[in-house]
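*Asks:* Protein chains in written order, with our numbering: chain A, 5 to 227; chain B, 2 to 591.
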Amino acid sequence: MKRDIITSAIGIIVFTLFCGLVYPLFITGVSQVAFPGNANGQKVYVHGKLVGSKIIGQNFADVVMKNGKPEMSAGEPVTAPDPRYFQTRPSGTDPADNAAATEFANYGPNSVVTKDAIQSNIQAYIALDKAPDGTPYYPGGLTAAKVPVDAADTSASGIDPDISVRNADIQAYRIAAVRHLSLATVDKLISTYTAGRGLAFSGEPAVDVLELNLALNRQTGGS
Amino acid sequence: MTVSGWLTIVLFVVLLTAFAIPVGGYLARVYTGERTFLDPLFVVPERMAYRVLRVDPDNGQDWKHYARSLIIFSLVGWLLLYLILRTQTLWDFTGLNPMHYHSGTWNLSFNTASSFMTNTNWQYYGGETTLSYFSQMVGLTVQNFLSAGVGIVVAVALIRGIVGRSGKSLGNFWQDMVRTVLWVLTPMSIVIALVLVWQGSIQNFSHYLSVDGITGLGQQIAMGPVASQEAIKMLGTNGGGFFNTNSAHPFENPTAFTNFFEMLVVLIIPAALVFQYGRMAGNRRQGYAIYATMMVMFLGAASVAYVAEAHGSPAQHAAGLHTQVVAGSSGGNIEGKEERFGIAGSALFDVVTTVTSCGAVNSAIESYTGIGGAVPFANLSASEVIFGGVGTGLYSILLYVLLAVFIGGLMVGRTPEYLGKKIEAREIKLVSLGILITPLTALLATSLATASKAGRASIDTAVAHGPQAFSETFYAYLSQANNNGSAFAGYTGYVQPNAGNLGAHGITFADILGGFDMLFARYAPILFALAVAGSLAGKRVSPAGLGTMRTDNVTFVVLLIGVIILIGALTFFPALLLGPIVQGLTGHLY
Numbered sequence: 005m006k007r008d009i010i011t012s013a014i015g016i017i018v019f020t021l022f023c024g025l026v027y028p029l030f031i032t033g034v035s036q037v038a039f040p041g042n043a044n045g046q047k048v049y050v051h052g053k054l055v056g057s058k059i060i061g062q063n064f065a066d067v068v069m070k071n072g073k074p075e076m077s078a079g080e081p082v083t084a085p086d087p088r089y090f091q092t093r094p095s096g097t098d099p100a101d102n103a104a105a106t107e108f109a110n111y112g113p114n115s116v117v118t119k120d121a122i123q124s125n126i127q128a129y130i131a132l133d134k135a136p137d138g139t140p141y142y143p144g145g146l147t148a149a150k151v152p153v154d155a156a157d158t159s160a161s162g163i164d165p166d167i168s169v170r171n172a173d174i175q176a177y178r179i180a181a182v183r184h185l186s187l188a189t190v191d192k193l194i195s196t197y198t199a200g201r202g203l204a205f206s207g208e209p210a211v212d213v214l215e216l217n218l219a220l221n222r223q224t225g226g227s
Numbered sequence: 002m003t004v005s006g007w008l009t010i011v012l013f014v015v016l017l018t019a020f021a022i023p024v025g026g027y028l029a030r031v032y033t034g035e036r037t038f039l040d041p042l043f044v045v046p047e048r049m050a051y052r053v054l055r056v057d058p059d060n061g062q063d064w065k066h067y068a069r070s071l072i073i074f075s076l077v078g079w080l081l082l083y084l085i086l087r088t089q090t091l092w093d094f095t096g097l098n099p100m101h102y103h104s105g106t107w108n109l110s111f112n113t114a115s116s117f118m119t120n121t122n123w124q125y126y127g128g129e130t131t132l133s134y135f136s137q138m139v140g141l142t143v144q145n146f147l148s149a150g151v152g153i154v155v156a157v158a159l160i161r162g163i164v165g166r167s168g169k170s171l172g173n174f175w176q177d178m179v180r181t182v183l184w185v186l187t188p189m190s191i192v193i194a195l196v197l198v199w200q201g202s203i204q205n206f207s208h209y210l211s212v213d214g215i216t217g218l219g220q221q222i223a224m225g226p227v228a229s230q231e232a233i234k235m236l237g238t239n240g241g242g243f244f245n246t247n248s249a250h251p252f253e254n255p256t257a258f259t260n261f262f263e264m265l266v267v268l269i270i271p272a273a274l275v276f277q278y279g280r281m282a283g284n285r286r287q288g289y290a291i292y293a294t295m296m297v298m299f300l301g302a303a304s305v306a307y308v309a310e311a312h313g314s315p316a317q318h319a320a321g322l323h324t325q326v327v328a329g330s331s332g333g334n335i336e337g338k339e340e341r342f343g344i345a346g347s348a349l350f351d352v353v354t355t356v357t358s359c360g361a362v363n364s365a366i367e368s369y370t371g372i373g374g375a376v377p378f379a380n381l382s383a384s385e386v387i388f389g390g391v392g393t394g395l396y397s398i399l400l401y402v403l404l405a406v407f408i409g410g411l412m413v414g415r416t417p418e419y420l421g422k423k424i425e426a427r428e429i430k431l432v433s434l435g436i437l438i439t440p441l442t443a444l445l446a447t448s449l450a451t452a453s454k455a456g457r458a459s460i461d462t463a464v465a466h467g468p469q470a471f472s473e474t475f476y477a478y479l480s481q482a483n484n485n486g487s488a489f490a491g492y493t494g495y496v497q498p499n500a501g502n503l504g505a506h507g508i509t510f511a512d513i514l515g516g517f518d519m520l521f522a523r524y525a526p527i528l529f530a531l532a533v534a535g536s537l538a539g540k541r542v543s544p545a546g547l548g549t550m551r552t553d554n555v556t557f558v559v560l561l562i563g564v565i566i567l568i569g570a571l572t573f574f575p576a577l578l579l580g581p582i583v584q585g586l587t588g589h590l591y
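Printed below as a string of structure tokens:
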């Protein structure tokens, strides 16, 4: 008994040093040398300013101004999606796309709350597709049935960097019109930033929204 | 459903089997002391470890001694982890608490320490919003290794008891732990961690990033030594996330490739142990029979989950969404799932991590459809015998094997025997207790939590009503009892006192009940499994006769599946009806 306690105490210290310090420090050392970009989060700089991470979703929205001041709601500035940018998926974090406090939305499959949330996401998606004069950018206009599921359902991480190809293709009409680009140009950028399935079969083709938006900014010269 | 979706499931099974067979052979050599290709690296550290620990590896332990070493070692580990969590701020001098998070409260720390020591890794703690890098590395990562090791050595000890031909020794606990960490967990974790960083996982000690954002709307991005923890979290079927959203977070699981890779990593040891068992039993067909049993149930679970999720949910349909596959969109119930994994990659991951005791999630299980969500419930109801946790899966299914042998023996009217050893009243009593203790714990805890006001405080009333609220509660205690750790994550055991967290506060009832749920349902079955091992170890082996029931053919596989499903169904069916099955059978919204 006493013997076991002593051995356990020594054992836990030895294993802690080995598994808790030597192992992670070794991995950190190798990673920082072999893959420094990835190990540090694939940071993206624009004109020397850190603007995000390539693989973390971002909220491409602007603060809504009212009488020259940001409109506030519950202590947080109200934001609206910026139509010049491709929009990421709905997020369950607070505020949207908060990459320092991720959480699931936990919307149940048979829940009225879920239905309402999806409906409001559908409405927001359709509203964003309308030009200031009310005409839709998407030919023939969007209906709930045409909205891709990933545009109306929250992601898991709340910071999903990707959208589906269909979601991007629909938003492309708006982007092309707002940025005065040809649809073909925007579509070409979409395919450039679409990652295929892993090993050609795993997962879904996914469009990286942040990289796509950065490329658009470069194309139209500035933000 | 898509061709690539089904291909994912099929190729996964094929690749898993292809890798598991050689790894099983390697494990058998490690635990029988034969030479392996890693010996030159580890023989010296191994000898040093024995000298520091002052143990004689050749000193065999009977089951009681083996169990005593294991329990005391676990207790001491628990104490250290609890202290680390409680004194988080004391370690600020290391620079590994860049966000200056406060120390955990006693109740939350009790739950988290119990959770990591039992290989559960239930997430009442909030990952990036609660824990310092120091706590994650020196606290959680260490228990990720050790709890996995404890599971594996129990399985090895039980194998030795079943196949042993001399005396009462089950081996030496300390030797088994040292060899598990050195020969199995560490080298594999190093490779896995580096593959993850290569694909985009992070591994640093930076302060959280404050970025400007492309539109000027700022964003905070959590950092940390993620890959090293992610590797052992998956390999050791631990499942406790570095981040709150676990393997859905792009830094934990950056690509569709890593998603597939992580699934293989979760199942590799549980699957390989089955082949190791066949080798150590001197009859590989015994291993194949168990593998076939597990695989049939696994494929069933994966197919049902995929079909259910691809169909979409009642809430989606009520909102007017069309959920079929169209060009460029996966369709289906993508609520709470990541685009890069898609429906199949999420559903399969969910099955992989709930048949094992991993409990990592790459999608929100709470958002699964009724039937899709019933699959993890069913996996847990089978008491983690479909591959199961590292080690726990094998020792649990071996208990079921003994029970099936007993039932089969009764049917044909002969004294039941397994691998030449007679199964008698004492063994069957221990087996029954070992099998029933987990369901009993889960159901008792669920009843307590459902019936009491303190228990209902954990339900996320903002989103969960009706059957969903019951599902949240039931899943919480079922998952903790099975040491799984996945969650209907609306169910909460902690509250953030203010934004930016300064020390999350526990919900005492949920933390304590969950903590005891995990501890009891982990160590009671371990003791029963070791007792069975001890009881079998000393038995004489009689040669197989004409009337001996074979345990390596299709008939036995069918019998074994029948026994597992029967026990799971009899125990849990009423409770399952009240939660996920109701939702699966109706389009009604609550």
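Every residue, glycine too, gets a C-beta built ideally from N, C-alpha and C.
Buried or exposed, going by whether 16 or more other CB atoms sit within 10 Å of the CB of L503 of chain B?
*Replies:* Model confidence at L503 of chain B stands at a pLDDT of 49, short of 50, so the residue's coordinates are unreliable; what they give is reported in the following sentence. Exposed, because fewer than 16 other Cβ atoms sit within 10 Å of the Cβ of L503 of chain B.
*Asks:* Take A383 of chain B as the anchor and find which of B:G105, B:S148, B:F20 and B:I566 has the nearest alpha-carbon.
*Replies:* B:I566
*Asks:* What residues in the stretch 144-158 of chain A have a beta carbon less than 7 Å from any beta carbon of chain B?
*Replies:* For the stretch 144-158 of chain A, residues whose beta-carbon sits nearer than 7 Å to a beta-carbon of chain B comprise A148, A149, V151, P152, V153, D154, A156, D157 and T158.
*Asks:* Going by Cα to Cα distance, which pick from B:G96, B:I193, B:G172 and B:G546 is closest to A68 of chain B?
*Replies:* Per the C-alpha coordinates, the member of B:G96, B:I193, B:G172 and B:G546 positioned closest to A68 of chain B is B:G172.
*Asks:* Could you tell me the boundaries of the alpha helix (DSSP H) in which K6 of chain A lies?
*Replies:* K6 to F19
*Asks:* Please identify the residue among B:H103, B:S248 and B:L86 whose C-alpha is closest to the C-alpha of A361 of chain B.
*Replies:* B:S248
*Asks:* Quick check: W175 of chain B and P58 of chain B, are their CB atoms within less than 8 Å of each other?
*Replies:* yes
*Asks:* Can you say whether R55 of chain B is buried or exposed, counting buried as having 16 or more other CB atoms within 10 angstroms of its CB?
*Replies:* exposed
*Asks:* Near E473 of chain B, which residues of its chain fall below 6 Å by C-beta distance, leaving aside the five closest residues on each side in sequence?
*Replies:* In chain order, I460, A465, F489, G491 and Y492 place their CB closer than 6 Å to the CB of E473 of chain B, counting only its own chain and leaving out the 5 sequence neighbours on each side.
*Asks:* State yes or no: is the beta carbon of G360 of chain B nearer than 8 Å to at least one beta carbon in chain A?
*Replies:* no
*Asks:* Using alpha carbons as the reference points, say which of B:P251, B:G219 and B:I233 lies closest to F342 of chain B.
*Replies:* Minimum Cα distance to F342 of chain B is reached at B:P251.
*Asks:* By the 7 Å beta-carbon criterion, what residues does the stretch 213-234 of chain B contribute toward chain A?
*Replies:* D213, G214, I215, T216, L218, Q220, Q221, I222, A223, M224, P226, A228 and S229
*Asks:* Which residues in chain B sit within 7 Å of A104 of chain A, going by Cβ to Cβ distance?
*Replies:* E129, Y209, Q221, I222 and A223
*Asks:* Of the choices B:N245, B:M296 and B:S368, whose alpha-carbon is the least far from that of V14 of chain B?
*Replies:* Of the listed residues, the one whose Cα sits closest to V14 of chain B is B:M296.
*Asks:* Hey, how far is the Cα of L420 of chain B from the Cα of V386 of chain B?
*Replies:* 20 Å
*Asks:* Roughly how many whole angstroms lie between the Cα atoms of L197 of chain B and V267 of chain B?
*Replies:* Looking at the two C-alpha atoms, the distance is approximately 14 Å.
*Asks:* Which of helix, strand or coil does DSSP assign to H101 of chain B?
*Replies:* In the three-state scheme derived from DSSP, where H, G and I count as helix and E and B as strand, H101 of chain B is classed as coil.
*Asks:* By how many angstroms is the C-alpha of V308 of chain B removed from the C-alpha of I153 of chain B?
*Replies:* I153 of chain B and V308 of chain B have their alpha carbons spaced roughly 34 Å apart.
*Asks:* Just how far apart, CA to CA, sit F350 of chain B and I366 of chain B?
*Replies:* 11 Å
*Asks:* Tell me which residues share the same chain as P188 of chain B and place their Cβ nearer than 7 Å to its Cβ, disregarding the 5 neighbours each side in the sequence.
*Replies:* L39
*Asks:* On the three-state DSSP scale, how would you describe T189 of chain A?
*Replies:* Correct three-state label for T189 of chain A: helix.
*Asks:* Rounded to the nearest angstrom, how far is the Cβ of S35 of chain A from that of Q200 of chain B, given a contact under 8 Å?
*Replies:* Not confirmed; about 12 Å, so no contact.
*Asks:* With 16 other CB atoms within 10 Å as the buried threshold, where does R201 of chain A fall?
*Replies:* buried
*Asks:* In whole angstroms, what separates the C-alpha of L218 of chain A from that of T238 of chain B?
*Replies:* 39 Å
*Asks:* With a threshold of 8 Å between beta-carbons, can V82 of chain A be considered close to chain B, or not?
*Replies:* no
*Asks:* Taking the alpha carbon of V24 of chain B as the reference point, which residue from B:Y278, B:G140, B:L12 and B:F261 has its own alpha carbon closest?
*Replies:* B:Y278
*Asks:* What residues from chain B crowd round I167 of chain A, counting only those whose CB sits closer than 8 Å?
*Replies:* Annotation: Cβ neighbours of I167 of chain A in chain B (cutoff 8 Å, chain order): E340.
*Asks:* Would you say L54 of chain A reaches chain B, if we count a Cβ-Cβ gap shorter than 8 Å as a contact?
*Replies:* yes
*Asks:* Measuring straight from C-alpha to C-alpha, what distance separates P165 of chain A and N42 of chain A?
*Replies:* 15 Å
*Asks:* From G539 of chain B to A50 of chain B, what does the alpha carbon distance come to, in whole angstroms?
*Replies:* Looking at the backbone, the Cα of G539 of chain B and that of A50 of chain B are separated by about 30 Å.
*Asks:* Please report how far the alpha carbon of L444 of chain B lies from the alpha carbon of L434 of chain B, in whole angstroms.
*Replies:* 15 Å
*Asks:* Got a sec, what are the start and stop residues for the alpha helix (DSSP H) L84 of chain B sits in?
*Replies:* W64 to R87
*Asks:* State the DSSP-derived secondary structure class of Y89 of chain A, mapped to helix, strand or coil.
*Replies:* coil
*Asks:* Taking CB distances under 8 Å as the criterion, tell me whether T20 of chain A reaches chain B.
*Replies:* yes
*Asks:* Taking the beta strand (DSSP E) that S57 of chain A falls in, what are its first and last residues?
*Replies:* That run of the beta strand (DSSP E) goes K53 to S57.
*Asks:* Considering only their Cβ atoms, is the gap separating A348 of chain B from G389 of chain B smaller than 8 Å?
*Replies:* no
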